[in-house]
Amino acid sequence: MMLDTGAAAVAATTPGGAWLVAAVMWPVIAVLFAIVAGGRHAARITLAAMPVGLAVAWAIATRVWEGGAITYLVGGWAPPLGIALRADGLSAAMMLTTAIVVTGAGLFAHADFAPKPGEPETRTSLVFWTLLIAVWGAMNLVVMGRDLFNLYVALELLTFAAVPLVSLDGRAATLAAALRYLMFALLGSVLYLLGAVLLYGAYGTLDITLLASRVQPEPAAWVAAALMTAGLLAKTALFPLHLWLPPAHAGAPPAASAVLSALVVKGSFVLLIRLWFEVMPALWSVAATQLIAALGAAAILYGSVLALRQERLKLLIAYSTVAQIGYLFLMFPLAFDPATEQLQSGVALTGGVLQTVSHAFAKAGMFMAAGLMAKSLGHDRVADLAGVGRALPMSLIAFGLAGVSLVGLPPSGGFAAKWLLLSAAVGTGQWWWAAVLVLGGLLTGGYVMLVLVRAMGSTAEPLAPLAPVARSREAVALTMSLCAVLLGLVALGPVELPEFGGVEAAAIAEAGP
Amino acid sequence: MSTVTLFGLCAAALVGLGLYGALTHPQPLRKLIAFNLLGSGVFLLFGVFARRGAWQAVGGDPVPQALVITGIVVAFAATALAVALLLRLHKESGEATLDPPAPAGASAGRRNP
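First to last, the sequence lines map onto chains F and A. Residue numbering for the first sequence is 18 to 530, as defined by our numbering. Residue numbering for the second sequence is 225 to 337, as defined by our numbering.
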């Protein structure tokens, strides 16, 4: 029940369907209020809206866990004419993750972007808070949408909300990074749309459930699948389409980097899962799954090696994102069942989704911790981090715990994810992916240790922080990292792994603050 | 050659031209125009499918037309955002290119996917 593959066409709204509408509507309402009320009140409105969002995500997750997927037919019109929203295990897990990470980013960013009393309101503040909530709403729509065109609009909303977050400081370098990001994203989404149009032309529907029953292995479907996959890969920043990611994620303010790295790239990835596992699970060949995982493996090795070589901490973390995205793609060949020649949702898919969620928490914690270190030191050169461990111990622990999850040490969520992928690789006899997993873990350990060793180095005299760092902000970073670590404890606990769709939602819920 | 085939070929040509332009031109403005060309090709293709579907029914298939209008709005918003970023970049740096002023690192270089 992770994904509802092979489910019958949706006939009616299920009980609780109104929650799905709430999940999309409340961020839109919050954005409108924030824009109308202006920069002085945007922070307050956004922070007030966050508990609402958390409650909605929680309500949907518990309902999905207890009673299975929830469906809502917009306007009461059934597909193919109408549009369905549907929350399954994957949606619920992503919505809860989004809710926790965005709330964390909001609490973390309050010191940076809330207008100070007596100072005039700034446009940066208004833009940051409205876009933060907009990212949340767009993510909710991306993970719930069932109509490929509706999903295109949702993806674009996500892009439009994410791109300006990159260039909040308005420097030429970040503007160029944002523009490059937008160029990649626009090309990606138009390729996705072209594929969706071809599917409509061939099968007369854009609804995921209906398409799944109509798609045949034939040239139209192959071309559409290739175009949509290429477009989504550009947005997910899989090697070699990752070039936009490091400057964009490293240049943004820490809270924005956390949201971009943790969530935004995962939106298009969720869509990719839907496309490969739900719309056309039988369309793929062994070669296709091996190819996409080879790109993932290249991303792991290339991203990790470049992360090791970075001089600046935020760039190191950004390259780490490039590498960790690579892990997500290892699940495709591992989920391929040679007997039936189609992708099966099972251990490999569970591992991939767990990697998505645990990386989200770990990377959010890491970017926040790095932001605090940079604020305290006035720079983020990896070579000159000595002494920061004594000045900001909680931030360093947050960084270290996030690193534990990225490396895949027990008991973290990253460990559970990589262990599932590893056992799937061994189980299907594809030892080469197991080798990539292990090598990637070693390289990740290398760059995490590099930072930790430097940061724990002692200086002749105690470091004088340039700017005071609030303990509460360190606590937010630590909470994110703890979520990543505890996720593994709960996921590997007494629960049965095959029923992961619901269990995972519970796992995140229990690991959450 | 029927009208539908003719328009379908036009759409394919627009998509090809747009894709070629978006991948080969280093200038953001040219990339943006190529993106719009590519988008027009996609919308035209959608129109063709609407017309082709109409062979089996009365009138035209209205769904693609509604979607194309939405798509045009989205593409327009994307173009506006890109132009705004480009103008701001030009104002800040005096340049309208994505090339870094000096080769700063190993990752600077090819930008095209």
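Built from N, CA and C at the ideal position, the CB exists for glycine as well.
message: What would DSSP say about F/ALA65, mapped onto helix, strand or coil?
response: helix
message: By DSSP's criteria, F/THR226 is part of a beta bridge. Which residues make up the other side?
response: DSSP lists no partner for F/THR226.
Other residues of its chain near A/THR228: CB distance less than 8 Å, five sequence neighbours each side excluded: The question names Thr, but residue 228 of chain A in the sequence shown is Val. Once the five neighbours on either side are set aside, the close Cβ partners of A/VAL228 are VAL272, ARG275, ARG276.
task: Consult DSSP for F/ARG163 and reduce its assignment to one of helix, strand or coil.
output: coil
- request: Output the distance between the C-alpha atoms of F/PRO298 and F/LEU292, rounded to the nearest integer angstrom.
  value: 8 Å
- prompt: To the nearest whole angstrom, what separates the beta carbons of F/ARG80 and F/GLY33, a pair I think is in contact under 8 Å?
  reply: 5 Å
Interface positions of the segment 294-319 of chain A facing chain F (Cβ-Cβ less than 7 Å), listed along the chain: THR294, GLY295, VAL298, ALA301, ALA302, LEU305, ALA306, LEU309, LEU310, ARG312, LEU313, GLU316, SER317
- prompt: Excluding the five sequence neighbours on either side, which residues of its own chain have a C-beta within less than 6 Å of the C-beta of F/LEU506, listed in chain order?
  reply: PRO428
message: For F/ALA24 and F/PRO96, I'd like the C-alpha separation in whole angstroms.
response: Any reading at F/ALA24 must be qualified, since the residue scores a pLDDT of 47, below 50, and its modelled position is unreliable; no value is offered.
Segment limits, alpha helix (DSSP H) that includes F/ALA95: No alpha helix (DSSP H) contains F/ALA95, which DSSP labels as neither H nor E.
query: What are the residues that DSSP puts in a beta bridge with F/GLN372?
result: Answer by DSSP bridge pairing: none, since F/GLN372 is not bridged.
- prompt: If you measure beta-carbon to beta-carbon, which residues of the segment 202-220 of chain F are closer than 7 Å to chain A?
  reply: LEU203, LEU204, VAL207, LEU210, LEU211, VAL214, TYR217, GLY218
- prompt: Nearest chain F C-beta to A/PHE259 closer than 9 Å, yes or no?
  reply: yes
field: At least 3 beta-carbon pairs within less than 8 Å: the segment 201-216 of chain F vs the segment 240-250 of chain F
entry: yes
query: In chain F, which residues lie less than 7 Å from A/GLY266 when you measure between Cβ atoms?
result: Gly is not the amino acid found at residue 266 of chain A; the sequence shown has Val there. Within 7 Å Cβ-Cβ: VAL207, LEU210, LEU211, VAL214.
query: Start and end of the alpha helix (DSSP H) containing F/ARG197?
result: 189-220
query: Heavy atom of the ligand MG less than 8 Å from the Cβ of F/MET42, yes or no?
result: Questions concerning the ligand MG fall outside what the structure shown contains, since it holds no ligand whatsoever.
- request: Check whether the Cβ of A/PHE273 lies closer than 9 Å to any Cβ atom in chain C.
  value: Among the protein chains of the structure shown, namely F and A, there is no chain C.
- prompt: Roughly how many angstroms separate the alpha carbons of F/ALA452 and F/ALA442, rounded to a whole number?
  reply: 9 Å
query: What whole-angstrom Cβ distance do F/MET156 and F/LEU185 have, given they're in contact under 8 Å?
result: With 8 Å as the limit, F/MET156 and F/LEU185 do not qualify as a contact, their Cβ atoms being about 19 Å apart.
task: Indicate whether the contact test is met: 3 or more Cβ pairs, each with one atom in the segment 328-344 of chain F and one in the segment 388-406 of chain F, closer than 8 Å.
output: yes
- request: For A/PRO327, decide whether its Cβ has a neighbour in chain F, counting only Cβ atoms nearer than 9 Å.
  value: In this prediction, A/PRO327 has a pLDDT of 44, which is less than 50 and means its spatial position is unreliable; what the coordinates show is noted afterwards. No, because no Cβ of chain F sits closer than 9 Å to the Cβ of A/PRO327.
query: Quick one: Cα of F/TYR2 to Cα of F/ILE290, how far?
result: Because chain F here runs from 18 to 530, residue 2 of chain F falls outside it and cannot be looked at.
- prompt: So, using beta-carbon positions, are F/SER412 and F/VAL486 closer together than 9 Å?
  reply: yes
message: If you reduce the DSSP assignment to three classes, tell me which class F/THR445 lands in.
response: coil
query: For F/THR373, which residues from the same chain have a beta carbon less than 7 Å from its beta carbon, with the 5 sequence-adjacent residues on both sides left out?
result: LYS283, PHE286, LEU345
Uninterrupted alpha helix (DSSP H) stretches inside the segment 112-185 of chain F (no shorter than 4 residues): 140-161, 165-183
query: Under the DSSP definition of a beta bridge, which residues are partnered with F/ALA101?
result: F/LEU90
message: Taking the straight line between their C-alpha atoms, what separation do you get for F/ALA190 and F/VAL152?
response: 23 Å
message: I need the straight-line Cα distance from F/PRO271 to F/PRO263, nearest angstrom please.
response: 14 Å
Sufficient close CB pairs (3 or more, under 8 Å) joining the segment 472-486 of chain F to the segment 363-379 of chain F: no
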